[in-house]
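For what it's worth, our numbering labels the leading residue of the sequence shown as 9, then goes sequentially. Where is the CB? At the ideal position from N, CA and C, for every residue including glycine. These notes are about the structure you will find just below.
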Amino acid sequence: MDFNINYDKDKFDNSEEITIQDLNKRTIRTNKITFKINALDSKRKLKKDIKKVIKYKKWLEIKKEININVYNYKKDNLLIVNFVNLVEAIAKAKNIKDLYNRVYVLACDYLDLHFYSKNVCDFCDNKCGGKQGTDSVTGCCHYFANPLGPLGFKYKLVTCKYLQEDGRCSIKSIGCKLFTCDYLNKKGVKFRIRDMFVLDTIFNPIQKVMLVIATYTPQEITVNRLLKVPNLKFVNKFFINK
Ligand code: SF4
Ligand code: SF4
């Protein structure tokens, strides 16, 4: 499937455009479909559109070409970028696990964009802002472990096994990416799932808690855990037995 997202109105082919709410048994019967999206739409309206995309998913996934023309787009409108990425993820997902994996990666990329590109943690000389004045060069990538096992009471601080020598993480752990320490909270930085369109739209309250607590955990393990919770929202209905 060719999936094209256009933000530049000079390049729009708007001859056969429809809105997502125009999807019905008649409009879905073409090889190519072009949606027009208004970047000024509210989050509520966009969530309604996602429900409709899920409803027509099995027809969308066999389209040869899907185009999305985004009107009124302004740089930094991350809500609309996330919305469009989610439409693509739903249209292309082969099954519910594939959808969860795609959504997981979208959320991680969104958080990385904030943390790395804007140096939110104020890294300087390998040391983050929260650890300035200390010897720690591992940020918050450590935890207390009990080397004596469940019967022991001696805890010591150990570095996370996924932290590489270059200071980067070797896995995508969404719980870690969502975590903000006191230093960041004082700066006013806090990532809540309800502010993250893709996670908020797809997952139910139990799954959202699972995402927040999935620290030090690779993507595959977290996604497998999410799959064990029935998603009563609307997602499962359209991916059953796939
Ligand atoms: S979240 Fe806090 S402790 Fe962790 S790397 Fe960022 S500033 Fe440092
Ligand atoms: S899993 Fe979490 S704690 Fe471990 S290296 Fe990655 S970000 Fe740091």
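- prompt: Based on Cα-Cα distance, which residue from K71, A115, D16, F187 lies nearest to V231?
  reply: A115
8 Å Cβ cutoff met for L54 and F91: It is a contact, given that the beta carbons lie within the stated cut-off.
C-alpha distance - L94 paired with N193, whole-angstrom precision: 28 Å
message: Based on DSSP bridge pairs, tell me the residues matched to A153.
response: K164
Three-state class that DSSP yields for N80 in the structure shown: coil
query: Would you report the Cα separation of C136 and D130, rounded to the nearest angstrom?
result: 5 Å
message: Are the CB atoms of L68 and A97 within a distance shorter than 8 Å?
response: no
query: Residues in its own chain within less than 7 Å of I182 by CB, not counting five upstream and five downstream?
result: Y112, A115, C116, L219, A222, T230
message: Taking a contact to mean a Cβ-Cβ separation below 8 Å, would you say L171 touches C149 in this structure?
response: Result yes, Cβ atoms of L171 and C149 sit closer than 8 Å.
- request: Return helix, strand or coil for D16, following the three-state DSSP convention.
  value: It is coil, neither helix nor strand.
- request: Enumerate in chain order the residues of its own chain whose CB-to-CB distance from N75 is below 6 Å, with the five nearest sequence positions on each side excluded.
  value: N12, T42
query: Within this structure, are the beta carbons of N77 and E24 separated by less than 8 Å?
result: no
- request: Report the residue ranges of all beta strand (DSSP E) runs contained in full by the segment 167 to 192; include only those spanning at least 3 residues, in chain order.
  value: none
- prompt: Which runs of the beta strand (DSSP E), 3 residues or longer, sit entirely within the segment 41 to 87?
  reply: DSSP assignment within the segment 41 to 87 yields the following whole beta strand (DSSP E) runs of 3 residues or more, N-terminal first: 73 to 79.
Exposed unless 16 or more other CB atoms sit within 10 angstroms - verdict on G147: buried
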